[in-house]
Amino acid sequence: MNIMHLVNALPSVAAQGLIWAIMAIGVYITYRILDVADLTVDGTMATGGAVFAVLTVAGAPIPLALLGAFFSGMAAGLVTGLFHTACGIPAILAGILTQLALYSVNLRVMGSANMAVNGMQYDLLISSQEVTSLSIRNPIFLVGVSVLVIIGALYWFFGTELGASLRATGSNANMSRAQGIDTNFTKVLGLMLSNGLVALSSALLAQYQGFADVNMGRGAIVIGLAAVIIGEVLLSRVFHNFALKLCAVAIGSILYYLVYQVVIWLGLNTNDMKLVTALIVAVFLAIPHWKGHYLTRATKKGGGTDA
Amino acid sequence: MLELKRLCKTFNRGTVNEKQALCGLDLTLKDGDFVTVIGGNGAGKSTMLNAVAGTWMVDSGSILIDGVDVTHLPEHKRAKFIGRVFQDPMMGTAPTMQIEENLALAARRGQRRSLRWGITKTERADYRELLRGLGLGLEDRLTSKAGLLSGGQRQALTLLMAALKRPKLLLLDEHTAALDPKTAAKVLALSDQIVEENGLTTLMVTHNMRDAIAHGNRLIMMYDGRVAVDVSGEDKKRLTVPDLLDLFSKVSGSDEADDKMLLS
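One line per chain: the protein sequences are A and B, in this order. 1 is the number of the first residue of the first sequence in the working numbering; add one for each residue after it. 1001 is the number of the first residue of the second sequence in the working numbering; add one for each residue after it.
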């Protein structure tokens, strides 16, 4: 266990963490703002990469391919949203249905289980080759800037009348309808926006690793939740502003990849990582619950007067 | 202003829990009417308000607000005409949003929500003045989350939000039932004030007969999904609680007034 192996891995930890941060921000929109656990993302996290790869190989310019990936994610979100609102299927099940359907769709899109997008052949935006280079092409820099731009755009959007109606829907759907908000529309819109970001993240990941794979999204929702929750547990006391909360998600994502790397460095292999990830999320979800439980017990014992 | 014609609604049709909640309900409100609604449990008071608000669609009959047929309009589209305050203080506000954001949401009721900024500077100043009028000290807490407010404060805020766009109709669904007596009295006084200042046509459901007599210009008693008693004008002013209990016994054909009505 040479500590240098871990240190050498840090740049790639930052790059991957930032790529997944975009995905985690998408999860934050559904899980925290809309108050819906959207499992579509496990599928969308492969769809974005698949669409990007196919478009790129077909000769589309990179910005267009990225846009295509974004729209494919929005389409997936639209399907889940319509399953939920128009068909009355519980949100969590609607997401599972779309996720399952996307597996076939992703195979159809790529025509095989994976597809290479080689940085030598195409003028990709980012590549893992450049992760230690001190140039403007370094993925840490490029993705970092993208994350900041996305956070800025979301900060603006959720401050608008339309964005506020999305937040209201997640906060109190009854009240929202009483105030004239079409909560079906806002839910669908939120799911589309969220999955669009997830697909964008997927397209960046496909470039970074040099290929899109039908399994690249497996467990994505849990990684997204891990990032959201790690960010909240560690930073919610300091970060109150909405933009800073999104930054906390990005930091949570990077920390998740740091833990991931440490665990691998300690000798576990990548196959064990789903188990480790699930345990990390379970622990971080349990901490607030235990804290609340312990604190209420403590006040009861103390005989608090102002109940 | 509001016309309900032969409204019917049955819940859980075809199951053992089938319940005919509204059954040929007719009611017409004139512009500026403030109607208090009483009745035993299951008489259809809240069901009537929910039918008007569009929480679900009625089985038959029609609902007209100011001449517009809203029978088949979804809840969020009817919101343009209607302000609502609920029994549960948690229901009327978005707890994770700021007080001023809640008001800004209400200020856009019935309008298309665009990509303009969700709240403007001039609005903030207006809201501060409105909140000052409540006398609850909320004017200094514009950016506090609504979830931090007490039940009474939330109902006051919800009232403000309901009246903000001068709705054609204000629906108060036992909005003081969950509050302690002192707070309930304050919120009721505030309701009176807001209704009067804005000249709102109002339906107020209550379990408290004294409140039903003391407020509004007209009182209806519901029984079995219909309006059973309808008193207004001078007759209503002369009403007493024993009168109401008598009326209830006649309507229900039993000497025992509903427990809950007696208790209040």
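Backbone N, C-alpha and C fix where the C-beta goes; we use that ideal spot for every residue, glycine too. This structure is a prediction, so every number in the text was calculated from the model and none was measured.
Just checking my contact of residue i with residue j at CB under 8 Å: how many whole Å lie between their CB atoms?
i         : j         : result
A/Thr47   : A/Val117  : So it is not a contact: roughly 15 Å between Cβ atoms.
B/Thr1143 : B/Glu1100 : 6 Å
A/Ala15   : A/Ser253  : The pair is not a contact, with the Cβ atoms about 11 Å apart (cut-off 8 Å).
B/Gly1216 : B/Thr1047 : 20 Å between Cβ atoms; not a contact.
B/Gly1032 : B/Gly1199 : 6 Å
B/Ala1178 : B/Asp1088 : 6 Å
A/Ile19   : A/Val143  : 6 Å
A/Val249  : A/Ala24   : 5 Å
B/Asn1012 : B/Glu1018 : 5 Å
A/Ser12   : A/Ala199  : Not quite, the Cβ-Cβ distance comes to about 22 Å (not below 8 Å), so this is no contact.
B/Asn1102 : B/Ala1146 : 5 Å
A/Val54   : A/Ile221  : That belief does not hold up - the Cβ atoms of A/Val54 and A/Ile221 are roughly 24 Å apart, past 8 Å.
B/Thr1093 : B/Thr1158 : 6 Å
So if DSSP puts residue i in a beta bridge, which residue, or which two residues, is it bridged to?
i         : result
B/Gly1083 : B/Leu1170
B/Arg1226 : B/Tyr1223
B/Ile1063 : B/Leu1004
B/Phe1034 : B/Thr1202
A/Val212  : Before going on, a small fix: residue 212 of chain A reads as Ala here, not Val. Bridge partners of A/Ala212: A/Met115.
B/Leu1025 : B/Leu1007
B/Trp1117 : A/Thr160
B/Gln1020 : B/Thr1010
B/Val1068 : B/Ile1065
B/Arg1108 : Partner(s): none; B/Arg1108 has no beta bridge.
B/Val1231 : B/Leu1219
B/Gly1039 : B/Met1222
A/Gln261  : DSSP output for A/Gln261 lists no bridge partner at all.
B/Gln1098 : B/Lys1145
Just checking: is the beta-carbon of residue i within a distance shorter than 8 Å of some beta-carbon in chain B?
i        : result
A/Leu162 : yes
A/Met175 : yes
A/Gly252 : no
A/Pro288 : no
A/Ile19  : no
A/Ser194 : no
A/Gly159 : yes
A/Asp182 : yes
A/Ala178 : yes
A/Ser236 : no
A/Ala86  : no
A/Asn8   : no
A/Ala307 : Any reading at A/Ala307 must be qualified, since the residue scores a pLDDT of 37, below 50, and its modelled position is unreliable; no value is offered.
A/Ala168 : yes
A/Asn172 : yes
A/Ser165 : yes
Examine chain A for any beta-carbon lying closer than 8 Å to the beta-carbon of residue i, and answer yes or no.
i         : result
B/His1207 : no
B/Asp1186 : Note that residue 1186 of chain B is Lys in the sequence shown here, rather than Asp. Output row for B/Lys1186: interface = no.
B/Met1097 : yes
B/Trp1056 : no
B/Gly1151 : no
B/Thr1093 : yes
B/His1175 : no
B/Ser1144 : no
B/Leu1115 : yes
B/Leu1049 : no
B/Leu1105 : yes
B/Thr1071 : no
B/Arg1124 : no
B/Glu1129 : no
B/Lys1080 : yes
B/Glu1100 : no
B/Gly1280 : Nothing in the structure corresponds to residue 1280 of chain B, since chain B is present only between 1001 and 1264.
Should the segment 1082-1099 of chain B be called in touch with the segment 1170-1188 of chain B, which here means at least 3 C-beta pairs below 8 Å?
Using a Cβ-Cβ distance cut-off of 8 Å, the segment 1082-1099 of chain B and the segment 1170-1188 of chain B are in contact, since at least three pairs of beta carbons, one from each stretch, lie closer than that value.
Of all the alpha helix (DSSP H) runs that stay within the bounds of the segment 93-178 of chain A, which reach a length of 4 or more residues?
If we require 4 residues or more, the alpha helix (DSSP H) runs fully inside the segment 93-178 of chain A come out as 139-159, 161-171, 173-178.
I'd like the ranges of any beta strand (DSSP E) spanning at least 3 consecutive residues and lying wholly in the segment 216-246 of chain A.
Taking 3 residues as the minimum length, the segment 216-246 of chain A contains no beta strand (DSSP E) run wholly inside it.
Answer yes if the segment 1217-1232 of chain B comes into contact with the segment 1242-1253 of chain B, meaning at least three C-beta pairs across the two stretches below 8 Å, and no otherwise.
The segment 1242-1253 of chain B and the segment 1217-1232 of chain B touch, with no fewer than 3 CB-CB distances between them shorter than 8 Å.
Evaluate contact between the segment 22-36 of chain A and the segment 175-195 of chain A, counting only Cβ atoms and requiring at least three cross-stretch pairs below 8 Å.
With three or more CB-CB distances shorter than 8 Å, the segment 22-36 of chain A counts as touching the segment 175-195 of chain A.
Specify whether the segment 1090-1109 of chain B and the segment 169-185 of chain A touch according to this definition: at least 3 beta carbon pairs, one from each stretch, less than 8 Å apart.
The count of Cβ pairs closer than 8 Å, one atom from the segment 1090-1109 of chain B and one from the segment 169-185 of chain A, reaches three, so the stretches are in contact.
Runs of beta strand (DSSP E) lying entirely within the segment 1125-1192 of chain B, each at least 3 residues, in chain order:
Those beta strand (DSSP E) runs which fall completely within the segment 1125-1192 of chain B and span 3+ residues are 1169-1173.
Any chance the segment 1060-1069 of chain B sits against the segment 135-152 of chain A, with 3 or more Cβ pairs inside 8 Å?
No, the segment 1060-1069 of chain B does not touch the segment 135-152 of chain A.
Touch check for the segment 56-72 of chain A and the segment 217-227 of chain A: three-plus C-beta pairs under 8 Å?
No, the segment 56-72 of chain A does not touch the segment 217-227 of chain A.
Using a Cβ distance threshold of 8 Å, determine whether the segment 256-275 of chain A contacts the segment 1016-1034 of chain B, with at least three qualifying pairs required.
Too few Cβ pairs lie closer than 8 Å, so no.
Pair every Cβ in the segment 1007-1027 of chain B with every Cβ in the segment 258-265 of chain A, then say whether three or more of these pairs are closer than 8 Å.
Output reads no: the segment 258-265 of chain A does not touch the segment 1007-1027 of chain B.
Give the list of continuous beta strand (DSSP E) stretches no shorter than 3 residues that lie fully inside the segment 30-86 of chain A.
Complete beta strand (DSSP E) runs here, min 3: none at all.
Can at least three beta-carbon pairs, one atom from the segment 93-105 of chain A and one from the segment 61-80 of chain A, be found at a separation below 8 Å?
With contact defined as three or more Cβ pairs closer than 8 Å, the segment 93-105 of chain A and the segment 61-80 of chain A are in contact.
Taking contact to mean at least 3 C-beta pairs separated by less than 8 Å, is the segment 117-128 of chain A in contact with the segment 197-216 of chain A?
Flag = yes, the segment 117-128 of chain A and the segment 197-216 of chain A touch.
Between the segment 1124-1131 of chain B and the segment 162-171 of chain A, are three or more C-beta pairs nearer than 8 Å?
The segment 1124-1131 of chain B, when compared against the segment 162-171 of chain A, does not touch it at the 8 Å Cβ threshold.
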